[in-house]
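Only one structure is covered here, and it is reproduced in the block below.
2 protein chains.
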Amino acid sequence: MPDIRILTESELRQSITLDIQAVDIIEQAFGALAQGGVVMPPILSMSIEEKHGEVDVKTAYVPGMDAFAIKASPGFFDNPAKGLPSLNGLMILFDSDTGILKSVLLDNGYLTDVRTAAAGAVAARHLAPDSPDSVGIIGAGVQAVLQLQALSLVRNFNRVRVWARNPERAADYARRMSEKLGVPVETADTAEQCVRESQVVITTTPARAPVIQADWLQRGQHITAMGSDSPDKNELDPEIVVKADRFVCDRRSQSLTRGELRSAVAAGLVAEDYSVDELGEIIAGKKTCRTGDTMITVCDLTGTGVQDTAIANHAYQVTLDRGAGTSITT
Amino acid sequence: MPDIRILTESELRQSITLDIQAVDIIEQAFGALAQGGVVMPPILSMSIEEKHGEVDVKTAYVPGMDAFAIKASPGFFDNPAKGLPSLNGLMILFDSDTGILKSVLLDNGYLTDVRTAAAGAVAARHLAPDSPDSVGIIGAGVQAVLQLQALSLVRNFNRVRVWARNPERAADYARRMSEKLGVPVETADTAEQCVRESQVVITTTPARAPVIQADWLQRGQHITAMGSDSPDKNELDPEIVVKADRFVCDRRSQSLTRGELRSAVAAGLVAEDYSVDELGEIIAGKKTCRTGDTMITVCDLTGTGVQDTAIANHAYQVTLDRGAGTSITT
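As they're listed, the protein sequences go chains A and B.
The first sequence: position 285 = 306 (our numbering), numbered continuously.
The second sequence: position 2 = 23 (our numbering), numbered continuously.
Pasting the structure below:
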C-alpha cells in the first residue's frame, strides 16, 4: 500500500490560510454540487447524551477532484470546564480512483473553520450588495472573526457593528477586529440595532431561538446565517424565510433538517417541499442572484461535505508542494 | 491538545491476532449492545458508481469503553485489475469523555477482518451444536480462512468441507486449512453437498443471490451467514429465515437493510417488523439460544460499529502496552 501522509494542525496552519484562493476553491466546490455527479450522503450524526457530546461525519465525492474527504467532528460541551476545547476533529483523504487512504489531516477543526468562513464569502460574493456601507456581526466567537475577514476579501465596507450576548466579548471583538481590518468596528447596544444599521449581516451563533426578528430587516439587505448546523439550532425568525425576496441555502436537504428551513417548516410557514435555491445553482448560473438594490437576500449555511473535500484536497496539495508532513508506511 | 498515536497495519498485526481474547472482547461488545446505553447510528454509506466504489462509515459509543471508534471502509472493485486490493480503510479512536482524538489505526482493514471473524465465533459459541462432527465453509476468501480459524477457538470438529465458485481456489483453501488446523479439509462437489454434510455451515461470500437453499438444511444444523453487508447482497434462500427455528442477527436494523432479513422481507415472507433476536440479547441472557439437538439456528452478521469500537480499544491498549506506534503532536 502507498505511504500515508500525516499532516498536523501546525503544518496546516502554516500552509493554508483564509484567503481569496480558499474562497475560490469553496466556490468551485459549491458550483460542482449543482453540476451533478457529486455524491454527498446525509451526515452521520451520533449524539452521546450522557457525555454532552456529539459527533458529525461528513463526506462528499466530487468528480474531477483527486481525492474525497471524510471528516469527523466531535463536539463535547463539558470540555471547556476541563480546560479543553469543545470542538476538534480531523479529515481523512482517500484517492478518488481507488479509495485508498492518502492522507490524515490532524487539523483539530482548523480546516473546517477556514472552509466555513470561505462559504460566507462565497454567499456574499453572489448575494450581498456590491458596496455595503456597514456590516453587522452577531456573535463574537471564532466564526465571527473569520466571517468578517472572509467578507473583507470580497466586499469593501466602511464600518462594522457587532452584537453578542456577552458585552465584554463583543467589546473585545470590536477592538481586535478594528485593528485587524483597519475599519471601525463598534459594538451595538442590541441585536436589533446591529441588524437595522447594517447592509450585510452575518449571524455566527449556536442559538436555539431566533437572534434576528423579521421586522428588523431593511430593504436591500443581505443576511448570512451560518450558525445553525443541527436540528436544535435556529438563528432567524422563521418569518424571514418567507419575507426574504431570495432565501438561498448551501444544501436544501441539510437546511431542511439542520438549518433555518427546518424552523420555518416547524413553524408551519412553508411546506417541506418549499422551493429553495442552492448557492451552487447560483454559482453555476442555473439560478439568478441579487437583481436589484431593494431585494432582501438570505443565505443559510449548514456546512457541507463538498467544502470538506475541496479544502482537504487543497491543503494536501499545498503541504505536499511545501514538503510538509510525515509519511507513514503501513 | 494531547498527542495522537498513529498505529500501522504491521504494528497492529504484531499485536492483535484472532484469538480467544478477541472473541471474548467482541462477545462483550454484543452484550453491551443489548444492555442499553450504546449509541450506534445508521451506517453512512456513499456509493461512487462511476468508479465502482463505495465507502461505509460505522461508529458506536459504548458506555464504559475508554474510547469510541469511527471506521471508514472503502471498497473499489476495479482495484484488483490495477494490482491493488479492493478493500482498505482505517479506524479512528476518540476519547469517550472528551471526544478528543486519541489514535489513528492505519490497519488497511485488518482489524475489521479480525472483529468480523470473532463475531462468527461468538455466534457459534451461543448457537452452534456443542460438538459438530463436520463444518461446511462456502467461499474461499479471507473470511473463509478466518471464520474457520475463529470457529476452531470455540468448537472442536473432525472434518471440514469447502465449496467455492472457483474450484481451484476451493482446492487451495482445502490444502492450506488442513495444514493450518490439523483437521481434514476437503472440497465439496456442490454447495448442496457442503451444506447437507455439515452440522455447522458458514457462508462467506459477496453473493447477490442465494448460495444456500432452504431444502438443503438438516435438523440440528447451525448456519452463520456473514457475507451480506449491503442492500444488494444475499446469501440465504429467504425461506431459511422462516424455516429456521431461531433466526438471530447482530443488529436487527442492519439485517433489515443490509442482511438476510432484507431479502426475506423483499420476498414477502416476513413483515418489516418481524420479530428477530439479536446476538447480544442472547449473550445478555435476555433471550434463549439453542435449546435442543434438532433445532435449526441461523445467525446473520452484517458487521456493527460496536465491534469496531471494541477491537479498536483493545488494539490501542495492547499496542500501548507494547510501546508500539508513533506519537504525533498536532
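Don't be surprised by glycine CBs; every beta carbon is placed ideally from N, CA and C.
Delimiting residues of the beta strand (DSSP E) encompassing residue i
| i | result |
| --- | --- |
| G301/A | That residue, G301/A, is in no beta strand (DSSP E); its alpha helix (DSSP H) goes 300-304. |
| L114/A | 111-116 |
| P95/B | 88-97 |
| R197/B | From DSSP, R197/B is part of no beta strand (DSSP E) but of the alpha helix (DSSP H) over 188-202. |
| T80/A | 74-81 |
| G157/B | 155-159 |
| C320/A | 318-321 |
| V297/B | Element bounds for V297/B: n/a, residue is neither H nor E. |
| S107/B | Per DSSP, S107/B belongs to no beta strand (DSSP E) and is neither H nor E. |
| T224/B | 221-224 |
| T208/A | 206-208 |
| I349/B | 347-349 |
| L126/A | 122-127 |
| L65/B | 65-69 |
| V291/B | From DSSP, V291/B is part of no beta strand (DSSP E); its letter is neither H nor E. |
Under 7 Å from the C-beta of residue i: neighbouring residues of chain B
| i | result |
| --- | --- |
| L282/A | Chain B residues near L282/A: none, gap ~22 Å exceeds 7 Å. |
| D253/A | Neighbours of D253/A on chain B: none; closest Cβ ~16 Å, over 7 Å. |
| E30/A | T351 |
| N100/A | T119 |
| L105/A | T119, I121 |
| M247/A | Result: empty, since nearest Cβ-Cβ is about 22 Å, beyond 7 Å. |
Boundaries (first-last residue) of the alpha helix (DSSP H) holding residue i
| i | result |
| --- | --- |
| D45/B | 41-56 |
| I332/B | 326-343 |
| V166/A | 163-175 |
| R311/B | First-last for R311/B: undefined, no H or E at that position. |
| E32/B | 30-36 |
| V59/B | That residue, V59/B, is in no alpha helix (DSSP H); it is neither H nor E in DSSP. |
| E213/B | 212-217 |
| T137/A | 131-148 |
Chain B contact residues for residue i, given Cβ-Cβ distances below 8 Å
| i | result |
| --- | --- |
| V78/A | L65, V78, T80, I91 |
| M86/A | In chain order: nothing, as chain B lies at least about 12 Å away. |
| M316/A | In chain order: nothing, as chain B lies at least about 37 Å away. |
Proximity to residue i [Cα-Cα], best of the options
| i | options | result |
| --- | --- | --- |
| T278/B | D258/B, D321/B, I317/B | D321/B |
| V163/B | Q220/B, A138/B, V78/B, V319/B | A138/B |
| S68/A | D87/B, F97/B, G120/B | G120/B |
| N334/B | A43/B, D24/B, Q35/B | A43/B |
| K437/A | A305/A, T29/A, T323/A, G346/A | This structure gives no information on residue 437/A, because the portion of chain A shown stretches from 22 to 351. |
| T225/A | A185/A, L202/A, A55/A | A185/A |
| C270/B | S249/B, G241/B, L300/B, S284/B | L300/B |
| D40/A | A265/A, V135/A, D294/A, A81/A | V135/A |
| V216/A | N255/A, V327/A, I244/A | I244/A |
| G53/B | E281/B, R229/B, T211/B, T330/B | In the sequence as presented, Gly is not what sits at residue 53/B; that position holds Ala. Selected option, being the one with the closest Cα: T330/B. |
| A212/B | Q220/B, L238/B, I233/B, D193/B | I233/B |
| T29/A | I47/B, E30/B, M22/B, L28/B | M22/B |
| V221/B | E281/B, G241/B, E71/B | G241/B |
| E189/B | I27/B, N100/B, G160/B, G74/B | G160/B |
| D77/A | A149/A, G326/A, A142/A | G326/A |
| L341/B | S124/B, D116/B, A81/B | S124/B |
| I27/A | S251/B, L126/B, D193/B | L126/B |
Under 9 Å by beta carbon: chain A residues contacting residue i
| i | result |
| --- | --- |
| L122/B | A93, P95, N109, G110, L111, L127, N129 |
Within chain A, partners of residue i - CB distance below 7 Å
| i | result |
| --- | --- |
| I69/B | V60, Y82 |
| P118/B | Reading the sequence as shown, one finds Asp at residue 118/B and not Pro. Neighbours of D118/B on chain A, chain order: K72. |
| I27/B | I27, I349 |
Contact test: residue i Cβ vs the ligand SAM heavy atom, cutoff 6 Å
| i | result |
| --- | --- |
| N129/B | This structure simply doesn't include the ligand SAM, nor any ligand for that matter. |
Residues that residue i contacts on chain A, provided the C-beta gap is smaller than 8 Å
| i | result |
| --- | --- |
| F115/B | V76, A93, P95 |
Listed by chain order, chain B residues near residue i by CB distance under 9 Å
| i | result |
| --- | --- |
| M198/A | Near M198/A there are no residues of chain B at all, since even the closest Cβ is about 26 Å away, more than 9 Å. |
Extract the residue ranges of the alpha helix (DSSP H) inside the stretch 229-286 of chain A, only unbroken runs of 4 or more that lie entirely within it. Taking only runs of at least 4 residues, the alpha helix (DSSP H) segments lying wholly in the stretch 229-286 of chain A are 260-264, 273-279.
Using 8 Å as the threshold, is the stretch 174-193 of chain A in touch with the stretch 148-165 of chain A, meaning 3 or more CB pairs across them? yes
Does the contact criterion of 3 or more C-beta pairs under 8 Å hold for the stretch 87-99 of chain A versus the stretch 108-118 of chain A? yes
Cβ contact check for the stretch 127-135 of chain B and the stretch 28-40 of chain B: 3 or more pairs under 8 Å: Counting C-beta pairs closer than 8 Å gives three or more between the stretch 127-135 of chain B and the stretch 28-40 of chain B, which meets the contact rule.
Do the stretch 259-271 of chain A and the stretch 282-296 of chain A make contact, defined as three or more Cβ pairs closer than 8 Å? Contact check between the stretch 259-271 of chain A and the stretch 282-296 of chain A: three or more CB pairs, one atom from each, fall below 8 Å, which counts as touching.
Meets three-Cβ-pair contact criterion under 8 Å: the stretch 99-108 of chain A and the stretch 295-315 of chain A: no
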